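Residue numbers (UniProt numbering): 1 to 989.
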DNA sequence: GTTTCGTGTG
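Dropping the structure here:
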């Protein structure tokens, strides 16, 4: 044509360009483009549009832009073409720019350009304000009815979490196509509105709209997320019915559903029947297995995936890494780390987070820290994981540094950050810092997150701010078993067991299901107050709830029954535990020790040692307490030796138990040594020593130690004052004692308890001020209890004050008519006052009421066996020898001034009639036996269940002188150290 | 328009 000089027209070039399109020749196209411009066809919009088509098709985007820029009059069609063309190439930036130009040039966008620009927005993470402006334009153009525009708009709003806006667009649609439904349903499902997603699916189903595989995948994923597994299974049936059961995406969602149940039989069935598996299919099953702890199976699948020529990606590796992290499988985790580097995915944000978590969880904090410092990505998760790392080390200063540094770097702490740092504050006792962070929590609006809430409750509850913890729980709108349990165990930790149980009940009443930790906390609270019946009920509840195999509940039950003295049941629960841990053993030992079954406690402790199980400091503490309670010096010392060998002698709690042990066994010197050698003491240590001194009659030492305690800045508590006040009482420091009593509330902010009032009554009345004691009782702000009246009555017996004594006895008999001690005290008081009629009346009253006196008993240990004696006992195999030697001792004692006072409680007639040996008190027999059987060098240790009487006390003093031996008697009230003819109580007890 | 992954609590 050209040779002949015939001019080609527009149509010719269109045909020629079509040929280029078919042959794919960019060179030819460019030649033609040149000729078109030369011939002046550049103004023809048909040709220009065709050129744009060809350049797009051949991938020459510069060509496209050049043609478009040179076009003299660009029609809407041209704009649509170029915008949608760039959208197809996923070049969102270009689309957004072109759209702006289009608006600037006052060209009205069509459905096509709007749809493209909305897609561009969603791919580009553009500000949502821009999207809203586009939305406004769409409304102005009256195009909102069109699904072509509205569907991407729904998706865009949903992606940005603006679910209400999305729903509005969806509701305004005149005709909803299947894409509209999917956009809305997946929008709900992906934004935490899973229930709404399921409802909308039901609506769609009822409306008779055919469910596509897309919608199935979306709604199945929603079911999985909120654990509506039965709904998920019903959907599986629909999937079959509508022929989507082989679709990859649907199967992937089903695999996830089943592996979260977990039902791996079904998950693997779906997986194996799939026609084509992709990476997500493998990832779904791998993550399911990994999350349920089947890390080996997950790793196997990882290998299989590679065999099937599918490349494990970030998701695969992240799932496997978290499995390794929770199993502590550092080695396998490190192998995955190598794969990460080889596969070039080490800059993935999630993989990096999972790797860091691996090293932290496997306690390789050093590697973790190095990783953190050289991290390729910058995101809040890495910082959060580091907070966990330093929290594990109880390193609050480093945690806080991380917490501040991340904010300096512009990262905003989230709902994961606060629990980590607050937990560390709790564990190291930094309540002040915790409170500051709490204010930041409120400022940033995280105070309603259940995790944040539960940690705050735990922090305040653990540190005694139970009111604050309680208030936080009340502000929580969500039902959260963890927050409730935190408060419940907080109450229990501060010995407010009834309060703990009250809240447990309330929690259940509100319909919040307890879990294993909730049950075990509640059972422990029952153990704290020996609430056996309530404990049994909770035991039953936990059993019904399916926790019969749970270790923490089993341990709590062992402790409950042991503490309630239910030996058999405690053993039964103990035997039921499959994998007994040290807490199980401790529960038995400390429970038995606390319920008074100390022999059993020591037996279990021995059993535990035979089983070669490592005893903890807690076990040792309990064993020492058990030995202390029954004053088993020998076993206690053996335990002490083990403590030293195992290096637990530096533990404060163990040392405290040892102080009490030695004090209770009468070795106050050993107690003192233990106390002095402690590298670090706490309030309990001081209390144990003060109480020890007090019990041994070392009143001045007790008072001095109390002064020193205050000097070093240790805070005295209620226990301290019981020790100090009784010490004053023992040595007759009336004024000083009263001063201390006053200082309790005035200087130390302590509200005196009944025990303290009893001490003061003892203090005053023992010194002989009985009317003053009575006045004190009448004026004190609390209702006097039996102990207080008994104290007064006992002093009246000593001081022969019948008037006040009768007054005390009257109250005491009202409160405890069954207690034999009252009758005995009263009748003794009458006897020493010579009121024999009254004494006989009291004895008669006791008989009439069927009250029996507890018989006096004494014990002494000789050569590994304990010998017990009753009053006038002749049952001992060596009885004859004992009575013979006793007579000898009496004779020697009389020679140096001992005056037998043994008849003081008998009238003249009785004294003549009765065989005097019938009335020989058990302690005399025990001491005589001890002197006969033990070598001269060891002190005589005797225990008695009642208080030692005046005659015996005087007798023992003489005997200690005659025999040149230390005699230590522990009676129901205190210790008496007899040596060289004097007693540590200075005859004041 | 759909599916899979990392950090926090008693």
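Backbone N, C-alpha and C define an ideal beta-carbon position, used for all residues, glycine too. Note that the coordinates shown come from a computational prediction; the quantities given were computed from them, not determined experimentally.
*If you draw a straight line from the alpha carbon of residue 749 to that of residue 346, how long is it in whole angstroms?*
60 Å
_Taking the beta carbon of residue 437 as the centre, do at least 16 other beta carbons fall within 10 Å, making it buried, or is it exposed?_
buried
*Can you tell me where the beta strand (DSSP E) with residue 859 in it begins and where it stops?*
Start and end: 857-862.
*With DSSP as the reference, label residue 1078 as helix, strand or coil.*
Nothing about residue 1078 can be read from this structure; the chain reaches only from 1 to 989.
*Spatial neighbours of residue 424 within its chain, please: CB distance less than 6 Å, with the 5 preceding and 5 following residues excluded, ordered by chain position.*
391, 396, 399
*asked:* Going by the DSSP bridge assignment, what does residue 983 pair with across the sheet?
replied: 978
*Would you mind sorting residue 43 into buried or exposed? The rule is 16 or more other CB atoms within 10 Å of its CB.*
exposed
*asked:* One question on the structure: do residue 222 and residue 197 come within less than 8 Å of each other, judged by their Cβ atoms?
replied: Going by C-beta atoms, residue 222 is nearer than 8 Å to residue 197.
*Closer than 7 Å by C-beta to residue 112: which residues in its own chain qualify, once you throw out the five before and the five after it? Chain order, please.*
80, 84
_Inter-stretch contact at 8 Å, needing at least 3 Cβ pairs: the segment 274-281 / the segment 234-242_ = No, the segment 274-281 is not in contact with the segment 234-242.
*Which residues in the same chain as residue 858 place their Cβ atom closer than 6 Å to its Cβ, once the five residues preceding and following it in sequence are excluded?*
If you ignore the 5 residues before and after residue 858, its C-beta comes within less than 6 Å of the C-beta of 869, 922, 923, 926, 942, 944, all in its own chain and listed in chain order.
*Can you grab the Cα-Cα spacing for the pair residue 657 / residue 447, in whole Å?*
42 Å
*To the nearest angstrom, how far is it from the Cα of residue 740 to the Cα of residue 730?*
15 Å
_Quick check for students: name the residue ranges of the alpha helix (DSSP H) that lie wholly in the segment 797-837, counting only runs of 4 or more._
802-815, 820-832
*CA nearest to the CA of residue 846, picked from 833, 138, 825, 860*: The option with the nearest alpha carbon to residue 846 is 825.
_Unbroken beta strand (DSSP E) run spanning residue 969, endpoints_ = 967-970
*Alpha carbon to alpha carbon, what distance is there between residue 576 and residue 515?*
20 Å
_Reference residue 192, options 202, 545, 164, closest by Cα_ = 164
*Please go through the segment 514-556 and give each complete alpha helix (DSSP H) segment of 4 or more residues, from N-terminal end onward.*
Complete alpha helix (DSSP H) runs here, min 4: 516-528, 532-544.
*asked:* How far does the beta strand (DSSP E) with residue 298 in it extend, from its first residue to its last?
replied: Run containing residue 298: none in the beta strand (DSSP E); it sits in the alpha helix (DSSP H), 295-307.
*Return yes when the Cβ of residue 336 is within less than 8 Å of the Cβ of residue 315, no when it is not.*
no
*Which of the three DSSP states, helix, strand or coil, is assigned to residue 375?*
coil
_Beta-carbon contacts of residue 593 that lie in its chain and below 8 Å, excluding the five residues immediately before and after_ = 601, 622, 623, 625, 626, 629
_Rounded Cβ spacing between residue 547 and residue 553 (contact assumed at less than 8 Å)_ = 5 Å
*For residue 867: DSSP bridge partner residues*: Within the DSSP secondary-structure output, residue 867 pairs in a beta bridge with 860.
*Under the rule that 16 or more other beta-carbon atoms within 10 Å means buried, what is residue 716, buried or exposed?*
buried
*Report the residue ranges of all alpha helix (DSSP H) runs contained in full by the segment 191-237; include only those spanning at least 4 residues, in chain order.*
194-206, 213-225
*Excluding five sequence neighbours on each side, which residues of the same chain lie with their C-beta closer than 7 Å to the C-beta of residue 95?*
83, 86, 87, 116, 117, 120
*If residue 76 and residue 108 are in contact, beta carbons under 8 Å, what's the gap, nearest whole angstrom?*
7 Å
*With DSSP as the reference, label residue 993 as helix, strand or coil.*
Missing from the structure shown is residue 993; the chain here goes from 1 to 989 and no further.
*Within 8 Å, strictly: CB atoms of residue 379 and residue 328*: Going by C-beta atoms, residue 379 is not nearer than 8 Å to residue 328.
*Mind checking whether residue 808 and residue 792 have CB atoms under 8 Å apart?*
yes
_Whole-angstrom C-beta distance between residue 254 and residue 270, which should lie under 8 Å_ = 5 Å
*Mark residue 15 as exposed unless 16 or more other C-beta atoms lie within 10 angstroms of its C-beta, in which case mark it buried.*
When all chains shown are included, residue 15 counts as exposed.
*Among 567, 620, 669, 267, which one has its Cα closest to the Cα of residue 648?*
620
*Of the listed residues 666, 311, 522, 485, nearest to residue 978 (C-alpha basis)*: Nearest option by C-alpha distance: 666.
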